[in-house]
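Novice:
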Amino acid sequence: MNGNAVLDVRDLKVSFSVRRAGRKYQVRAVDGVSLSLAEGEVLGIVGESGCGKTTVGRSIVGLVRPDSGTISFKGTDMTGASLRDMRLNIRMVFQDPYASLNPRRTIGDSVAEAGDINGFFTSRAGRSAAIAATLTAVGLDPSFAARYPYELSGGQRQRAGIARTILPSPSIVIADEPVSALDVSVQAQVLNLMMDLREQLRLSMLFISHDLGVIGQISNRVAVMYMGRIVEQAATRTVLDDPRHPYTRSLVAAIPKPDPSKRILGAIETGEPPSLFKRPRGCAYAPRCPIASDRCQVDVPELRSAGTDGRAIACHNV
Amino acid sequence: MLSVRDLTVSLGPETAPVDIVAGVSFELGKGEILGLVGESGCGKSMTSLAVMGLLPQPGPRIRAGRVLLEGCDVTQLQPWQRVVAGHGRMAMIFQEPMTSLNPVRRIGDQIAEAVRVHDRLSGPPAIDRARELLEQVRMPDPAMQLSAYPHQLSGGQRQRVMIAIALACRPQVLIADEPTTALDVTIQVQVLGLLRELCNRLDMAMLFITHDMGVIAQLADRVSVMYAGRIVETAGVEALFGRPRHHYTRGLMDCMPSRNSGARRLPTIAGQPPAPGTVGAGCVFASRCAAVRETCRTAAPPRAEVSQGHDVLCAFPLDGGEPR
Amino acid sequence: MRCDLSVLMRGAVGIATALFLNAQASAATLLREATIGEPPPLDVMLTTADVASVIGRHIFETLYALDSTYTPRPMLAESDREEDGGKTIVIKLREGVPFHNGKEMTAKDVAASLTRWGNFGARGKLLMAAATSVEATGKYEVTLKLSAPNGAWKNLIADVNGGLAIYPEEIAANAGNRPIEQKDYIGTGPYKFVEWRPNRYVEVEKFDGYKPVKEKGDGFAGARVAIFDKIRFIPVPDVGTRVSGVQAGDYDYAEMISGDLYESLSKDQSVQVQRTNAPIFGLFFMNSKQGILKDNYKLRRAIQTALDKSQALRVAFGAKDLWNAEGSIFPKGTPWYSAEGVSGYSPRDPKKAKELAKEADYTGTPIRLLVSTNYQAHYDEASVFTRQLADAGINVQMMVVDWATLLKMRGQPEQWDIFVTHHSFSPDPLLLTFLNASYPGWWDSPEISSLRAELIKSTDPTARKSTWDKIQSLIYDQVPVMKVGDAYTYDIASPKLKGLNPNGPVFWNVSTK
Amino acid sequence: MWSYALKRAGTTAVTLLAASIIIFAFIHIVPGDPIYVLLGDTATPDQIDALRHQLGLDQPIILQYLTWIGHVLEGNLGRSIFFQAPVLSVIADGAETSALLATMTMIWVTLIGVPIGMIAAVRHGTWLDQGLSGAAMLMASIPTFWVGLYLILIFAAWLGWFPSSGYPSIFEGGLVNLRYLVLPSLALAAPNAALILRLTRASMLDVSREDYVRTARAKGIRPWQVVVRHILRNALLAVVSAFGFTFAALLSEAVVTETVFALPGIGRLVVQSILRRDYPVIQGVILVIVVVYLLINLIVDLSYRLLDPRVELQ
Amino acid sequence: MSRDGAILWLKPFIARPIALLGLGILLGTILAATFAPWLAPYDPYAIDPSIRLTPPNALHWFGTDQFGRDTLSRVIHSARMALLIGSGVVMFALATGVPIGVLSALFPRLGHLLMRMVDVLMAFPSLLLALGLIVVLGPSVANAILAIGLGYMTTTTRIVYGLTLRLRMETYVEASRSMGAGTAWLIGKHILPNLVSPLLVQASFVFAFAQLGAASLDFLGLGAPPEIPSWGNMLAESRTFITRAPWLLFFPGMMIVATAFSLNLVGDALRDRLDPRFRQLFSEKG
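Going line by line, the protein sequences match chains C, S, R, X and D. Read in my numbering, the first sequence has 116 at position 116, and its numbers run on one by one without any break. Read in my numbering, the second sequence has 487 at position 169, and its numbers run on one by one without any break. Read in my numbering, the third sequence has 874 at position 232, and its numbers run on one by one without any break. Read in my numbering, the fourth sequence has 1156 at position 1, and its numbers run on one by one without any break. Read in my numbering, the fifth sequence has 1722 at position 253, and its numbers run on one by one without any break.
Right, dumping it as structure tokens:
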């Protein structure tokens, strides 16, 4: 898409086989997603549970093998390649700060892991210094290097989890729900940290979340996913202030606003969530959609450009 | 309707108790929705379990305080004992609809079980009543779902079943402990709508526990904010969101991304809550408070009514002049 | 469903009632004997296993039977005569003796049995290797011709253990070397075979057509009268279980009780103790074919010199009544008793043993002792000796295996230097295993070869006895085997039984008080 | 359900086939030779060779396997070298004892393990629970044969309440003969009951911490109803699969018990056949035990699926 | 491990006196085994038929056996065999089970095959498997270890396989993979360190049940050579004397029970230490 894209994902498809009652089902988790990430940009991916947003992120860092599609880093296709060199460039922050640190390793070892794996450090002293500097950068005291995860609070752990992704400094960070397990007050601290680091290290970021508030805070652009596909994509403000796709609309409308004067309960209709095992033939959202037409039942809408600021929508009826 | 007075829940030995809920008091009127909001570990769930008589055994226990339902003391009674004593009109729904239903028993049976206890019905009438309850919670195709197992339902549907079970108790007070946290936003809005509608229709009071200020704002009539085992502020929902008087409440609201969307940086509350048992003589929030003064560290703050129905546990509350 | 259940219930009640009624129905007299284990097939001609012969001698009979002094007496035979200087033996049979299948026993049956025994029988070669012909020379007369006289022939055919049991002709002729099948367990004995339930029991039943001899019962000889209607031989390998079984009344008789219980059981009112009158004796075989002990008579003597056999006997057999540190191969009171060489039997002289070993140029090479745990006594003896030899500086390494493995390994001369077994009482030296040069140990020095030939050829008792004296002296000189000592096994029985036989477990003539 | 059952049966069959190869291979590299045991000490080499040929033991081993497995598929497990009888009938003779012993043991295990486990769980944390759990742990640490020997000493030799050993079939002496199995089944039940007790307790405690138990309590139903309707059934699901495992394991644990009590079961049969090198019987018994083991596991697996609605039935 | 870690490990023992008792018995056994020649009042092999089968008395606290050997000395010396067999079985089970289990979980195709083979082995009841193996290999200490170990190899493999499958899905393992970690790195830095504590629990149970298995083999005459003192051999040797000399069976049997019991107690305490629920009792969830 963009010539200056650091990351370019083309037509990504991922499916899993799921066993249920002795039968195998093929579940399409990601069904043809394309996106690109410009240098220094934060792209938010938002969607509800099971929409495939996490799978997109995991495919990019090589944790999931896609069925088809390409993932290129600065113009080099990474799918199926030996990924050693790429690994230091694209890194992932995980959701659960409790699970993402090995309880048997010190914070220092966890933070230095990417460097250790890839032979980044040339001396012990250099390694210690780098760990200390990185811990300081994420707002932790360097003495934390010798501690174990159980000695840290949730916020501290997530800082350590972030520290791990910036030593040595990468080009792209994939952040998969990095704050959703945190309390609001801690969440704000971590979001601030991420925004600071992005600026200081000139990172590009793919920020995956179910929380439009968080997405709105940190990202430049937003892609809304539903059942494995992007249904709407645009600049953050545009999506939040003027959602077009019927799904995006109900999503935005359903956010409980912290304002008792704007009560929405009972005012909006959002329908039943889809089953992963029974994908509709046409538009996946059609069964819940208030404006679905006959065409929507049979014909899958493609993501098409709509409007000026890079907005794209996958809907027959808007 | 429900009155909780100086409720204190403690862990550890009798000789050196660690209070995880310290002197919580609140009143819940008929048909009223009281939101209890706080961060994880603040003791809000323990409060709800203590009120319901469901504290896990062995584990925390009620060390002091009373729980009065329509003026009757039910503090030390478990739900079944309350039913026997004639004060069983209280019910509870929980956070995880996935695990809160028995996976090997049919939906209908699980509802009918509560019907049997509270309506003294059995056999087909109990099942009829169960179907009726499923209708009340807007379950699609209720007659069919009676014979379904929990795993055959979606998360939202399971939470509706939980609500139906609660309704089977014909409660005057419903305690909802983070009932929508595990649900997607589009489903959350449905469940919240249902709960409010039921409260209105059945004239039922609800104690709604959550960490989400947005949900509270949408649902509650009155709000209590909890911090480190204490209620630090109580007010009507408009007053609280309009003019928070406690520094913690204010901080909590300020750091919500959706309130600040687009801002360069989010305001934060420095530090982290004190661990239970490490609270000294002073204000529990002193270590994190931006406006802390010397007395805050040494003397417990007074509970002050800053305006009609608006209590704050702070020696130096924010002034109420400037609405946010 | 409810209806089905009631039908089921009624069925169950019916079965239960039937089972209980069944319990009361068994009124016939039954004797239950606890044997030391499951027997091999009851083809007593082929097997030397005691378990098999205990059962077998109730079913099968021999031409002669040993009395309580272990002298052969006619059983199926009526009389005999020797011709041609002992080279021809003519045996006259009793008339009118029926097999269990109703047919009368004749000379043809005996001839066929003799032939099979000669070809395949466990002990048949000893006599029949020299046989030139076996013929029925009359309906009740059998003639056996030998190339050389055999002084021990009557002894050789008098025991049912590996011996000449008389089978019906067609069974003996067709069986070949394969153990005869259960349906062919047809003999002339006072009991006939009923059924064999593996691991449960072997059952025999009174044979109504049995014809006893006229003489009074004495040892295995004389009249045999079946008093019990049925006998069950129940394998109970654990000796403690056998004992408590008899004490509790679950069994009427139990074989081979360990010596250590002898004293307490002798005083026990709930059992009677039955000691056998013929001792068995432990044997340590030296490897004469291969290895460090081959032809090394000095080292062998050194080994024997180091030992105190009474210690081993005491450990292995317990009560003093049950063992006898006796150097003579044959016990006192038997015609073969001899004092030749017995000074070398159990000197317990470690110092002298050390000297002897030094003379034999022994340098501490491990001597491999093959022993099995299946027989506790073997193991006990070996343990004690190993310890005593260690004191004399002789390094013995025990190789403890199970009996089946031992039987295989002892056939391979490279595997061992000494192996442990025991020998049951035998009425004639020729029946001793170590006089058989093909038996593992392979004692075949020129000296023994000539003495053995002498012993076979001679029919004169006095001459044979003096030959045996020389052989025993040679045994203490060349030490092909070491005798541990005489041991008397004992059995226990319910105090109600009377008429028990000191020769061993035999249940004819046995009744309840 | 049926497709699942078929599939499970298929894998069971494959496992069985692999097991049969192992059984055959193992037995045939055993040192020691049945011929010697059969012919006794005085056999000549000629006799040995003749018998070996006759029994087919001189053929290539693969051929011996194919012959064996072919016969097995026809229901013919061969003839016992020692008993001179069909292996199947030899095993069938022992099967009654072993099956009754295992059943009786399972009855003890159930009667002791499950209720006491329940009591311990319900009284969780009290001295009663600690006492019962400790006792169970102790029971699980006692060798069965040791228990057996002392049971014989006390109840048979000293008190004379039960027979010390042996077992005459109930078809010959009636049901009263079951008294022969009381002591052995108790000895065998001791450690297994302890394990089931601990499992029941742990499983009930696990379940009682589940959210749905809290839901049930919130409904206001009585504690015993919570235990019976919500805890017990779910907890027993886990216990059921352990039952199958225990039952199958009993067949081999019985090896020692049957030896101590001189019971004519297949456990003792296998030990003695090993000592006698009776190949066909060893093969047959082990094969039968493995078949029973796999079958029980199959049944447990399928019934588990029937009991647990989370597995959808199609 | 850090000092705090060590304290965490000791916690379950301090909390439960009975677990402390288990630890005590275990230490006692280890001491007895180590210092057997100094602790034992007599040479365990010394034969003296003149004092055979004497009941416990001042000179021979546990009495003497049929060879006149001192039972107490033999019981003490037998602790060596118990520890040898137990640790041998544990090591065998771990040395085989851990690699097979870990590799099976990390390489699903290989794993499928290997786990099928484990299934086949598991279809043989463990004692039967041990018997068969002993008959093939002949009775000896090493073979007893192998035969008993094989049964626990399968269960250990199963446990390791299950744990590794779970660990493989742990976020920190995924994080490591996302940074390009190879299999060796994952195993060495993430999987093995996290297997240590569950394997410690498994090891103590295996150790306990190996005692019972070894005793059964000894009892059937298929375990350690009978001339070597071991509790199982002592039982096998003296079972015929149960009515005459019940003490001969009592002491070695008690030692087997005590050792197995103490190991079970230790394993139980360690398992509770591992069980997250145990700790959750002390921390409130929001």
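Note that beta-carbon positions come from the ideal geometry of N, C-alpha and C, so glycine has one too. What you are looking at is a predicted structure, and each value in this text was computed from that prediction instead of being measured.
Quick one, which of D:1583, D:1668, D:1581 and D:1615 has its alpha-carbon nearest residue 1596 of chain D's?
Specialist: As a first step, residue 1596 of chain D must be located in the fifth sequence, where it is residue number 127. Ranking the options by Cα distance to residue 1596 of chain D, first place goes to D:1615.
Novice: Taking all protein chains shown into account, decide if residue 1151 of chain R is buried (16 or more other Cβ within 10 angstroms of its Cβ) or exposed.
Specialist: Numbered from 1 along the third sequence, position 509 holds the residue referred to as residue 1151 of chain R. Classification for residue 1151 of chain R: buried.
Novice: Closer than 9 Å, Cβ to Cβ, to anything on chain R: give me those residues from the stretch 1520–1542 of chain D, in chain order.
Specialist: 1521, 1522, 1535, 1536 and 1537
Novice: Examine chain D for any beta-carbon lying closer than 8 Å to the beta-carbon of residue 882 of chain R, and answer yes or no.
Specialist: Within the third sequence, the letter at position 240 stands for residue 882 of chain R. At least one C-beta of chain D is nearer than 8 Å to the C-beta of residue 882 of chain R.
Novice: Quick check on residue 1516 of chain D - is its C-beta less than 8 Å from some C-beta in chain R?
Specialist: Translated into positions along the fifth sequence, residue 1516 of chain D becomes position 47. It does; some Cβ of chain R falls within 8 Å.
Novice: Counting only beta-carbon separations shorter than 8 Å, does residue 1459 of chain X have a partner in chain D?
Specialist: Sequence index remark: in the fourth sequence, residue 1459 of chain X carries index 304 (1-based). Residue 1459 of chain X has a beta carbon lying at 8 Å or more from every beta carbon in chain D.
Novice: If contact means a Cβ-Cβ distance below 7 Å, which residues of the stretch 817–844 of chain R contact chain X?
Specialist: 819, 820, 821, 823, 824, 839, 840, 841 and 842
Novice: Can you check whether the CB of residue 802 of chain R is closer than 8 Å to the CB of residue 693 of chain R?
Specialist: For this step, residue 693 of chain R is matched to residue 51 along the third sequence. For this step, residue 802 of chain R is matched to residue 160 along the third sequence. No, these two residues do not count as a Cβ contact at 8 Å.
Novice: Based on DSSP bridge pairs, tell me the residues matched to residue 208 of chain C.
Specialist: For the purposes of this step, residue 208 of chain C is identified with residue 208 of the first sequence, where counting begins at 1. DSSP lists C:45 and C:176 as partners of residue 208 of chain C.
Novice: Considering only the alpha carbon of each residue, which of S:350, S:352, S:367 and S:551 lies closest to residue 328 of chain S?
Specialist: Residue numbering aside, residue 328 of chain S sits at position 10 when the second sequence is read from its first letter. It is S:367 whose Cα lies nearest to the Cα of residue 328 of chain S.
Novice: Starting from residue 405 of chain S, follow the alpha helix (DSSP H) in both directions and report where the run begins and ends.
Specialist: Sequence index remark: in the second sequence, residue 405 of chain S carries index 87 (1-based). No alpha helix (DSSP H) contains residue 405 of chain S, which DSSP labels as neither H nor E.
Novice: Given a cut-off of 8 Å on the beta-carbon distance, is the pair residue 301 of chain C and residue 283 of chain C in contact?
Specialist: If you number the first sequence from 1, residue 301 of chain C lands on position 301. If you number the first sequence from 1, residue 283 of chain C lands on position 283. In this structure, the beta-carbon distance from residue 301 of chain C to residue 283 of chain C falls below 8 Å.
Novice: Helix, strand or coil for residue 730 of chain R, going by three-state DSSP, please let me know.
Specialist: Stepping through the third sequence from its first residue, residue 730 of chain R is reached at position 88. Here residue 730 of chain R carries a strand assignment [DSSP, helix/strand/coil].
Novice: Hey, is residue 574 of chain S's beta-carbon within less than 8 Å of any beta-carbon in chain X?
Specialist: Numbered from 1 along the second sequence, position 256 holds the residue referred to as residue 574 of chain S. By this cut-off, residue 574 of chain S is not an interface position.
Novice: Buried or exposed: which applies to residue 565 of chain S, given that a residue is buried once 16 or more other Cβ atoms fall within 10 Å of its Cβ?
Specialist: For the purposes of this step, residue 565 of chain S is taken as the residue at position 247 of the second sequence. Burial state of residue 565 of chain S is buried, judged by a 10 Å Cβ sphere holding 16 or more other Cβ atoms.
Novice: List the whole-angstrom C-beta distance separating residue 1739 of chain D from residue 1718 of chain D, where the pair is believed to meet the contact cut-off of C-beta under 8 Å.
Specialist: Against the fifth sequence, residue 1739 of chain D aligns to sequence position 270. Against the fifth sequence, residue 1718 of chain D aligns to sequence position 249. Rounded, the Cβ-Cβ distance is 32 Å, inconsistent with contact.
Novice: If we count the other Cβ atoms within 10 Å of its Cβ and call it buried at 16 or more, is residue 781 of chain R buried or exposed?
Specialist: Stepping through the third sequence from its first residue, residue 781 of chain R is reached at position 139. Exposed, because fewer than 16 other Cβ atoms sit within 10 Å of the Cβ of residue 781 of chain R.
Novice: May I ask you to report which of helix, strand or coil DSSP gives residue 877 of chain R?
Specialist: Within the third sequence, the letter at position 235 stands for residue 877 of chain R. The answer is strand: DSSP assigns residue 877 of chain R an E or B state.
Novice: Give me the chain X residues within the contact set of residue 878 of chain R, using Cβ-Cβ distance strictly less than 8 Å, ordered along the chain.
Specialist: Along the third sequence, read from residue 1 onward, the residue named residue 878 of chain R stands at position 236. In chain order: 1320, 1321 and 1417.
Novice: Kindly indicate which residue of X:1453, X:1227 and X:1316 has the alpha-carbon position closest to the one of residue 1243 of chain X.
Specialist: If you number the fourth sequence from 1, residue 1243 of chain X lands on position 88. Taking the Cα of residue 1243 of chain X as reference, the smallest distance to any Cα among X:1453, X:1227 and X:1316 is reached at X:1227.
Novice: Taking only beta-carbon atoms, is residue 417 of chain S less than 8 Å away from chain X?
Specialist: Along the second sequence, read from residue 1 onward, the residue named residue 417 of chain S stands at position 99. So yes, residue 417 of chain S belongs to the interface.
Novice: Contact criterion: CB-CB distance below 8 Å. Does residue 1648 of chain D meet it with respect to chain A?
Specialist: Absent from the structure is chain A; the protein chains it does hold are C, S, R, X and D.
Novice: Just to confirm before moving on: does the CB-CB distance between residue 408 of chain S and residue 370 of chain S stay below 8 Å?
Specialist: Position 90 of the second sequence, counted from the first residue, corresponds to residue 408 of chain S. Position 52 of the second sequence, counted from the first residue, corresponds to residue 370 of chain S. Yes, the pair counts as a contact, with Cβ atoms nearer than the cut-off.
Novice: Within 8 Å of any Cβ in chain D, is that where the Cβ of residue 89 of chain C sits?
Specialist: Here the question's residue 89 of chain C lines up with position 89 in the first sequence. No, residue 89 of chain C does not count as interfacial toward chain D.
Novice: Using the rule of at least 16 other Cβ atoms within 10 Å of the residue's Cβ for burial, across every protein chain shown, is residue 277 of chain C buried or exposed?
Specialist: What you label residue 277 of chain C is simply residue 277 of the first sequence in a count that begins at 1. So residue 277 of chain C ends up on the exposed side.
Novice: Comparing the C-beta of residue 1038 of chain R with each C-beta of chain D, is any distance below 8 Å?
Specialist: Along the third sequence, read from residue 1 onward, the residue named residue 1038 of chain R stands at position 396. Answer no: the Cβ-Cβ gap between residue 1038 of chain R and chain D never drops below 8 Å.
Novice: DSSP on residue 1278 of chain X, reduced to helix/strand/coil?
Specialist: As a working note, residue 1278 of chain X is residue 123 in the fourth sequence. DSSP places residue 1278 of chain X in coil when its eight states are reduced to three.
Novice: Can you tell me which of the three DSSP states residue 937 of chain R falls into?
Specialist: Within the third sequence, numbered from 1, the residue matching residue 937 of chain R stands at position 295. Reduced to three states, the DSSP call for residue 937 of chain R is coil.
Novice: Beta carbons nearer than 9 Å to chain C: which residues of the stretch 1630–1658 of chain D have them?
Specialist: 1639, 1640, 1641, 1642, 1643, 1644, 1645, 1646, 1647, 1648, 1649, 1650, 1651, 1654 and 1658
Novice: On the three-state DSSP scale, how would you describe residue 962 of chain R?
Specialist: Sequence index remark: in the third sequence, residue 962 of chain R carries index 320 (1-based). Residue state, collapsed to three classes: helix.
Novice: Could you work out which residue in S:323, S:319 and S:355 is closest to residue 544 of chain S when comparing CA atoms only?
Specialist: Within the second sequence, numbered from 1, the residue matching residue 544 of chain S stands at position 226. Of S:323, S:319 and S:355, the residue nearest in Cα terms is S:355.
Novice: Would you call residue 1438 of chain X buried or exposed, if buried means 16 or more other Cβ atoms sit within 10 Å of its Cβ?
Specialist: Start at 1 with the first residue of the fourth sequence, and residue 1438 of chain X comes out as number 283. The residue in question, residue 1438 of chain X, is buried, as its Cβ has 16 or more Cβ neighbours within 10 Å.
Novice: For residue 898 of chain R, which residues of its own chain have a beta-carbon under 6 Å away from its beta-carbon, when the five flanking residues on both sides are left out?
Specialist: Against the third sequence, residue 898 of chain R aligns to sequence position 256. Once the five neighbours on either side are set aside, the close Cβ partners of residue 898 of chain R are 678 and 1131.
Novice: Skipping 5 residues on each side, what residues in its chain have a beta carbon closer than 6 Å to that of residue 837 of chain R?
Specialist: The count along the third sequence starts at 1 and reaches residue 837 of chain R at position 195. The answer, listed in chain order, is 845.
Novice: Give a yes or no on whether the minimum CB-CB distance between residue 1547 of chain D and chain X is below 8 Å.
Specialist: Residue numbering aside, residue 1547 of chain D sits at position 78 when the fifth sequence is read from its first letter. No, residue 1547 of chain D does not count as interfacial toward chain X.
Novice: Can you find the residues in the same chain that come closer than 6 Å, C-beta to C-beta, to residue 666 of chain R, ignoring five residues on each side of it along the sequence?
Specialist: Position 24 of the third sequence, counted from the start, is the residue given in the question as residue 666 of chain R. Its pLDDT being 42, under 50, residue 666 of chain R is placed unreliably by the model, and nothing is read from it.
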